[in-house]
Every structure is written in C-alpha cells, then in structure tokens.
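Position 364 of the sequence shown, counting from 1, maps to 587 under the working numbering, and the rest follow consecutively. All C-beta atoms in this analysis are idealised placements derived from N, C-alpha and C, irrespective of residue type, glycine included. In this text the structure is predicted, and so the values were computed from the model without any measurement. The structure under discussion appears below in the form of structure tokens.
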Amino acid sequence: MIDYEKIIKEYKTPTYVYDIDTLINRVKYLQDKLSNKYDLVFAVKANTFIPKYIENYISRYEICSAGEFDIVNKLNISHNKMVISGVNKDESAIENMIKNYDILKYTIESITQFELLSNLSKKYNKQIHVLIRLTSGNQFGVSEEDFKYILKNIDKNYLLFDGIEYFSGTQKKSINRIEKEIDYLIEFTKNIEDEFNINIEEIEYGIGLPVYYYQDDEFNEDEFLDNVKNILDKIKNQKVTLEIGRSIASSCGSYLTSVVDIKTNKYGNYVIVDGGINHLVYYGQTMAMKIPHYEILPKKELEEDVYNICGSLCTINDFLVKNIKTRKLSINDVFIFKNTGAYSSTEGISLFLSRDLPKVVIKENNNYKLVRTNIKTSEMNFPNEI
Ligand SMILES: Cc1ncc(COP(=O)(O)O)c(C=O)c1O
Numbered sequence: 224m225i226d227y228e229k230i231i232k233e234y235k236t237p238t239y240v241y242d243i244d245t246l247i248n249r250v251k252y253l254q255d256k257l258s259n260k261y262d263l264v265f266a267v268k269a270n271t272f273i274p275k276y277i278e279n280y281i282s283r284y285e286i287c288s289a290g291e292f293d294i295v296n297k298l299n300i301s302h303n304k305m306v307i308s309g310v311n312k313d314e315s316a317i318e319n320m321i322k323n324y325d326i327l328k329y330t331i332e333s334i335t336q337f338e339l340l341s342n343l344s345k346k347y348n349k350q351i352h353v354l355i356r357l358t359s360g361n362q363f364g365v366s367e368e369d370f371k372y373i374l375k376n377i378d379k380n381y382l383l384f385d386g387i388e389y390f391s392g393t394q395k396k397s398i399n400r401i402e403k404e405i406d407y408l409i410e411f412t413k414n415i416e417d418e419f420n421i422n423i424e425e426i427e428y429g430i431g432l433p434v435y436y437y438q439d440d441e442f443n444e445d446e447f448l449d450n451v452k453n454i455l456d457k458i459k460n461q462k463v464t465l466e467i468g469r470s471i472a473s474s475c476g477s478y479l480t481s482v483v484d485i486k487t488n489k490y491g492n493y494v495i496v497d498g499g500i501n502h503l504v505y506y507g508q509t510m511a512m513k514i515p516h517y518e519i520l521p522k523k524e525l526e527e528d529v530y531n532i533c534g535s536l537c538t539i540n541d542f543l544v545k546n547i548k549t550r551k552l553s554i555n556d557v558f559i560f561k562n563t564g565a566y567s568s569t570e571g572i573s574l575f576l577s578r579d580l581p582k583v584v585i586k587e588n589n590n591y592k593l594v595r596t597n598i599k600t601s602e603m604n605f606p607n608e609i
C-alpha cells in the first residue's frame with residue numbers, strides 16, 4: 224500500500240509515485256501467465272525511472288535513442304541486456320556504442336542503418352549481433368524485399384544475424400489480431416529459412432499487450448494471457464522475446480495532483496488542478512470523457528456534485544476528466560490517478576507553458592525516495608541569447 228498522505232505532506236504535488244513491489248509482482252505475473260517460457264524485454268520509453276529495479280527479472284531492454292542509452296548506461300544496466308533499436312540511429316551515438324561497449328544486439332531498421340552498422344563493425348573490427356526489423360506497414364522496419372536484400376548482402380564476419388524484430392502497435396485488445404501477426408511471422412520466418420537455407424534463432428515481438436485504464440472497462444486478463452500464450456506456443460522453432468512497455472509499467476504508477484481552484488459557470492463546475500495533460504497520458508482517452516481509476520484525498524463523506532477536472536495549461540484541451548460525479552471538492556484536495564506508470568512521465572507535452580516537471584518518488588520496501596525533483600522547464604524554454 225502506498226502512503227499517499229505521507230507523499231503529499233513530504234513532497235507536495237504534482238508528483239508521480241512508482242511502487243517497486245507492484246512493478247516486480249507485475250513482471251512475475253506476466254512471466255507466470257506465459258509459463259516463464261517467453262523472455263520479457265522492457266521498452267525503456269515507457270518509463271525511464273524504473274529500469275534498474277527490474278534488472279533481475281527481465282532479460283533485455285529495448286533502447287530507442289541515444290538519450291535512452293545514456294539513461295540505462297548511467298543506471299549501470301548490463302550492456303549484455305541492451306537491444307539498440309529505433310528508427311533514427313545517429314551515427315556518433317552508435318559509433319560510441321560499438322567502439323566502447325559490448326552491446327547484446329542492434330536492430331536494423333533500414334538500408335541506411337544496415338550500411339551504418341556494417342561500416343562501424345568493420346571499422347572497429349567487432350562482430351555485432353543484429354535483428355532485422357520487419358515493417359508492419361509504416362515508417363518502422365524494412366519491407367520483405369529489403370529484408371532479403373540485407374540478408375543477401377550481409378557480411379557474416381561482422382554482422383551476426385539472429386532473427387526478426389516485429390512491432391505493430393500498442394494496446395492490442397484483439398486476440399485475433401495477435402494471432403494473425405504470429406501466423407504471418409511464422410510464415411515469413413519459414414520462407415526466409417528456406418530461401419537462405421538458414422535457421423532463424425529468434426523473434427523479438429512487440430506484442431502491444433493492453434492495459435485497461437477506465438472504470439467501465441471489462442477485461443479478463445488471465446483469460447486474455449492464456450490465449451496469448453497458446454498463440455505464442457505456435458512458434459516452435461524460434462526463441463521468442465516479448466518487447467513490452469505499457470503492460471509492465473502502468474500498474475506501478477500513480478500521479479498526484481492537487482486542486483488549486485474551483486469555479487462554476489452556466490456550463491458546469493470546473494476544478495483546476497496543479498498538474499494537467501502535460502503530465503498525464505491515458506491511452507484511448509477521448510475528449511476526457513472516459514473515467515480512469517482514481518481516488519481523492521482526504522477521504523470524506525460529503526454530498527456529491529459533478530465536476531470537470533482541468534489542468535494548469537492555457538489550452539481548452541487541458542481536461543483530465545469530464546463530468547465526474549464525486550464528493551464535494553475543495554481547494555487542496557488531491558486527486559490520485561492510477562495506472563500512470565507507463566508513458567505519462569515520458570509522453571506528456573511537458574514543455575508547454577513552462578510549468579515545472581512533476582517530482583518523481585520511488586517506493587521500495589516501504590521506503591520513499593525522491594528520485595527527481597520538480598525540474599524547471601522555464602530553463603529549457605529560455606533563449607540563451609537575447
Ligand atoms: C519497437 C517497440 N517495441 C515495444 C514497444 C512497447 O509497446 P507497449 O508499450 O505497447 O508494450 C514500443 C512502443 O512504442 C515500440 O515502439
């Protein structure tokens with residue numbers, strides 16, 4: 224249990240809290256549901272504050288930028304657990320990695336990246352392991368033709384081809400869709416193996432496991448994951464690793480934001496909180512009409528009213544949630560939005576209006592520590608010369 228009162232008192236708001244016990248239990252739950260057969264890869268983009276805490280529980284990290292690499296590197300995550308992925312592999316960052324570290328794997332996501340990785344591995348006379356990312360019909364990865372071109376032209380002395388990376392989107396609620404993708408991957412793998420007379424060792428699959436964020440959602444996750452496992456079990460000849468961000472990280476996070484103002488006009492009651500949509504991202508939220516899981520502190524028995532909860536930005540879009548029926552609110556009440564461990568801290572439009580970034584608190588073994596203070600974005604939005 225998180226002692227939210229203590230957090231409010233000691234750290235104020237807006238603040239994210241990440242509960243490490245919940246996080247680790249979540250990873251164990253996913254592994255258990257998948258019979259510990261499929262290795263988990265944490266997509267660092269989902270939350271850059273928690274990777275170190277799960278190092279002993281997952282097999283890899285998916286890292287998509289030089290910045291993400293800096294973070295995991297400073298966290299002393301083993302290079303042997305890093306898969307360097309991403310649509311734009313900047314040359315100097317990749318050169319630094321190849322020259323100075325023994326990274327587990329790199330993905331090849333274009334012909335340009337193929338040439339870059341080939342040249343750098345030759346330049347430093349270093350063999351590197353690669354996955355070729357197959358596109359799912361967007362700007363990511365390569366076409367089937369380019370996939371084959373790369374395999375025809377790969378210099379096996381330098382680039383060791385381990386398998387396929389495939390990611391086709393997040394929040395996949397359709398089990399049929401996952402099954403179609405797996406069938407496609409099995410067929411494609413077989414074609415490549417036959418044509419090139421090779422064995423493909425692994426498939427790294429961004430499965431896009433869904434998170435049900437809203438109070439109205441009905442989801443039997445146990446059953447869903449049983450079905451997922453049965454589908455994955457169709458892959459007989461490759462090791463399968465699952466790249467996951469949202470489903471690993473969401474449940475460990477809460478976002479605390481305080482009521483700073485309340486007003487009423489002929490359209491309704493408007494509550495202003497000290498956070499906003501710059502800090503809070505719920506996938507699938509449309510016009511703030513869906514009601515996420517939340518609680519309000521302090522707990523009080525009061526008559527109810529209907530409110531629109533708005534953030535502190537100068538945009539009419541800054542609604543966290545509309546038309547919620549809840550106990551009468553007052554200034555300094557605190558909203559605790561649940562399931563905010565994935566993407567809220569990384570995807571929000573944090574620089575808008577030069578508001579400070581929320582603090583980040585980690586709860587581990589009943590200890591609370593402030594791991595990021597409320598950084599001033601006014602300093603980032605400031606011109607160095609006038
Ligand atoms: C290549 C890749 N793998 C994995 C993920 C994680 O997806 P999710 O958070 O849905 O698990 C993403 C998210 O954008 C991604 O781009």
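Should M510 go down as buried or exposed, given a rule of 16 or more other Cβ atoms within 10 Å for buried?
So M510 counts as exposed.
Pairwise C-alpha distance: N546 and R356
A straight-line Cα-Cα distance of about 44 Å links R356 and N546.
Y517 lies in the beta strand (DSSP E); which residues open and close that run?
Note, Y517: beta strand (DSSP E), 517–520.
To the nearest whole angstrom, what separates the beta carbons of I532 and L520, a pair I think is in contact under 8 Å?
Actually they are not in contact, since the Cβ atoms of I532 and L520 sit about 15 Å apart, beyond 8 Å.
So, is D325 buried or exposed, given that buried needs 16 or more other C-beta atoms within 10 angstroms?
Flag for D325 reads exposed.
Looking at L327: is its Cβ nearer than 9 Å to the Cβ of I471?
Taking a C-beta distance under 9 Å as the contact criterion, L327 and I471 do not qualify as a contact pair.
CA nearest to the CA of D439, picked from N296, L593, V496, M512:
With distances taken between Cα atoms, D439 lies closest to M512.
Close Cβ partners of Y517 (< 7 Å) along its chain, the five nearest in sequence each way excluded
Answer for Y517: F558, I559, F560, K561, listed in chain order.
Give me, in chain order, the residues of the same chain whose beta-carbon lies closer than 6 Å to that of H352; leave out the 5 immediate sequence neighbours on both sides.
Within the same chain, H352 has close Cβ partners K328, L383, D385.
Counting along the chain, where does the alpha helix (DSSP H) carrying F370 start and finish?
Under the DSSP assignment, F370 falls in the alpha helix (DSSP H) whose first and last residues are 367–376.
Taking buried to mean at least 16 other C-beta atoms within 10 Å of its own C-beta, is N270 buried or exposed?
Buried, by the Cβ-count rule.
Could you check what DSSP says for H352 in three-state terms: helix, strand or coil?
Strand at H352.
Paired residues, beta bridge with A266 - DSSP
Partner(s): E285.
Quick test of your reading: C287 and K268, contact by CB under 8 Å. State the CB separation rounded to the nearest angstrom.
6 Å between Cβ atoms; contact.
Can you find a heavy atom of ligand 1 that lies under 8 Å from the Cβ of C287?
Within 8 Å of the C-beta of C287 there is at least one heavy atom belonging to ligand 1.
Taking the alpha-carbon of K260 as reference, which of N555, D456, V529, N597 has the nearest alpha-carbon?
Answer by Cα proximity: D456.
Under 8 Å from any heavy atom of ligand 1, does the C-beta of F272 make it?
Not under cutoff, so the answer is no.
Near ligand 1: R400 beta-carbon under 8 Å from a heavy atom:
Ligand 1 never approaches R400 closely enough for any of its heavy atoms to be under 8 Å from the residue's Cβ.
Proximity of Y530 and V494 at Cβ, strictly below 9 Å
With contacts defined by Cβ atoms closer than 9 Å, Y530 and V494 form a contacting pair.
Suppose you measure from the CA of M603 to the CA of S573; what does that come to, to the nearest Å?
Approximately 11 Å between the Cα atoms of the pair.
Inter-residue spacing [alpha-carbon to alpha-carbon] between K345 and E424:
Their Cα atoms are separated by approximately 24 Å.
Can you tell me whether I421 is buried or exposed, with buried defined as 16 or more other CB within 10 angstroms of its CB?
Exposed, by the Cβ-count rule.
Using only CA atoms, which one of Q336, S333, Q350, S308 lies nearest to N323?
Nearest of Q336, S333, Q350, S308 to N323, Cα basis: Q350.
Shortest alpha-carbon distance to V483 belongs to which of D556, N342, S258, V295?
Minimum Cα-Cα distance from V483 among the listed residues D556, N342, S258, V295 corresponds to D556.
Quick check on DSSP: helix, strand or coil for N540?
DSSP places N540 in coil when its eight states are reduced to three.
Going by alpha carbons, who is nearest to I485 out of D497, L479, S474, G476?
Of the residues D497, L479, S474, G476, the one whose Cα lies closest to the Cα of I485 is D497.
Compute the minimum distance between the beta carbon of E388 and the heavy atoms of ligand 1, and state whether it is under 8 Å.
E388: yes, Cβ under 8 Å from ligand 1.
Out of L263, F411, D293, which one is the CA nearest neighbour of F272?
Looking at the Cα atoms, D293 is the closest of the given residues.
State buried or exposed for K413, treating a residue as buried only when at least 16 other CB atoms are found within 10 Å of its CB.
The Cβ neighbour count for K413, taken over all protein chains shown within 10 Å, is under 16; the residue is labelled exposed.
Which runs of the beta strand (DSSP E) spanning at least 3 residues fall entirely within the region 354–440, listed in chain order?
Counting whole runs of 3 or more residues, the region 354–440 contains the beta strand (DSSP E) stretches 382–390, 425–429.
Are the CB atoms of E466 and E570 nearer to each other than 9 Å?
It is not a contact, given that the beta carbons lie outside the stated cut-off.
Name, in chain order, the residues that DSSP records as bridge partners for G507.
Beta-bridge annotation (DSSP): G507 is not paired with any residue.
R469 beta carbon near ligand 1 (any heavy atom closer than 8 Å)
Distance from the C-beta of R469 to the nearest heavy atom of ligand 1 is below 8 Å.
Among G431, V295, N380, I415, which residue has its Cα nearest to the Cα of E404?
Nearest neighbour of E404 by Cα position, chosen from G431, V295, N380, I415, turns out to be G431.
Please name the residue in I300, V295, N348 whose C-alpha comes closest to that of E318.
Here the closest residue by C-alpha is N348.
Reducing DSSP to helix, strand and coil, say where L339 ends up.
In this structure, L339 counts as helix in the three-state DSSP scheme.
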